[in-house]
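In my numbering, the protein residues as written are 52 to 336.
What follows is one structure encoded as structure tokens, with my remarks underneath.
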């Protein structure tokens, strides 16, 4: 059974409701009524749709849509000069309660973005770790980064806590890796057997009836393509994309390893100078 959706989360319901809402408001603007009546009717429509936006009962939704379409018919009649429709709309507006004819409350202003969202953004290219490291000079003690791996994805551990932007990038890469593996399994275990069965069926049709169906089968007769060939091509493309990701990760890992080596050499050099200076001061004292 399909998963149950609330009407406000269902695309067909939302399309129908929004189309009816826009049609009613557009008809109100061109209806030959006084400005006060026109504004009151528009406010009533806005308030009614606002109150009914959370209805889940099919019976209540049917009544609401039926009332909306009947009102739309009367508005169309009033626009063409139908006296009965004009009288109906005028009497209908007079029976509305004052709360319905008031303008709807203004929308609440959107809150500013949470500061943590800025932490998820990547650094600018000129500030990227692979471009600025190793630092030639540091104000304090040099902290050598650690080359780590998250399920085969290399990254530099600069300190704790781990930046949110790095966690986001690792999560996205892992999701992409899992998606590519799932695609490989589906192509191998589902689509390839189906394609092989299709090729066998085409062979049976060609053997017993001497005909091939469709442009794809005509190309297959000429030796250009088969059903299985297309699936194999998709598998090759998926494998090549995986290979490109592996090569890119290897290249990044080599760059990171060079950064770690250079940072280590600089740290050892600075450490030797610091130790030598302390010994000198101790000897003088």
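Each residue gets a CB set at the ideal place from its N, CA and C atoms; glycine is no exception.
Query: Do residue 307 and residue 207 count as a contact pair if the criterion is CB distance below 8 Å?; Result: yes
Query: Looking at residue 283: is its Cβ nearer than 8 Å to the Cβ of residue 196?; Result: no
Query: Could you have a look at residue 84 and say whether DSSP puts it in helix, strand or coil?; Result: coil
Query: For the candidate residues 140, 60 and 291, whose alpha-carbon lies nearest to that of residue 124?; Result: 140
Query: For residue 205, report the span of its beta strand (DSSP E) as first-last.; Result: 204–208
Query: Could you work out which residue in 108, 317, 157 and 138 is closest to residue 57 when comparing CA atoms only?; Result: 108
Query: Expressed to the nearest angstrom, what Euclidean distance is found between the alpha-carbon atoms of residue 303 and residue 160?; Result: 44 Å
Query: If distances are taken between C-alpha atoms only, which option among 76, 143, 131 and 71 comes closest to residue 112?; Result: 71
Query: Check whether the segment 89–96 and the segment 57–66 touch, using three or more Cβ-Cβ pairs below 8 Å as the test.; Result: no
Query: Under 8 Å, with one C-beta from each stretch per pair, do the segment 176–183 and the segment 221–230 reach the 3-pair mark?; Result: no
Query: Tell me whether residue 305 is buried or exposed, calling it buried when 16 or more other Cβ atoms sit within 10 Å of its Cβ.; Result: exposed
Query: Assign residue 79 to one of two classes, buried (16 or more other C-beta atoms within 10 Å of its C-beta) or exposed (fewer than that).; Result: buried
Query: Helix, strand or coil, according to DSSP, for residue 175 in the structure here?; Result: coil
Query: Label residue 45 either buried or exposed according to how many other C-beta atoms from any shown protein chain fall within 10 Å of its C-beta, with 16 as the threshold for buried.; Result: Residue 45 lies beyond the range of the chain shown here (52 to 336); nothing can be said about it.
Query: What residue does the beta strand (DSSP E) around residue 197 start on, and which one ends it?; Result: 197–201
Query: Straight-line CA distance for residue 281 to residue 225?; Result: 27 Å
Query: Look at residue 289 and residue 215 and say whether their C-beta atoms are less than 8 Å apart.; Result: no
Query: So, is residue 131 buried or exposed, given that buried needs 16 or more other C-beta atoms within 10 angstroms?; Result: exposed
Query: Measure from the alpha carbon of residue 199 to the alpha carbon of each residue in 218, 189 and 187, then state which is nearest.; Result: 218
Query: Measuring alpha carbon to alpha carbon, tell me which residue in 259, 202, 286 and 249 is nearest residue 297.; Result: 202
Query: Given that a residue counts as buried once 16 or more other Cβ atoms are within 10 Å of its Cβ, and exposed if not, what is residue 253?; Result: buried
Query: If you reduce the DSSP assignment to three classes, tell me which class residue 319 lands in.; Result: helix
Query: Per DSSP, what kind of secondary structure is residue 233 in: helix, strand or coil?; Result: helix
Query: In whole angstroms, give me the CA-to-CA distance for residue 173 and residue 179.; Result: 8 Å
Query: Whose C-beta lies closer than 8 Å to the C-beta of residue 300 among residues of the same chain, with five residues either side of it excluded?; Result: 203, 204 and 205
Query: Residue 136: which of 114, 82, 155 and 162 sits nearest, CA to CA?; Result: 82
Query: To the nearest angstrom, how far is it from the Cα of residue 105 to the Cα of residue 144?; Result: 24 Å
Query: Do residue 279 and residue 309 have their C-beta atoms closer together than 8 Å?; Result: no
Query: Decide if residue 84 is buried, meaning its Cβ has at least 16 other Cβ atoms within 10 Å, or exposed.; Result: buried
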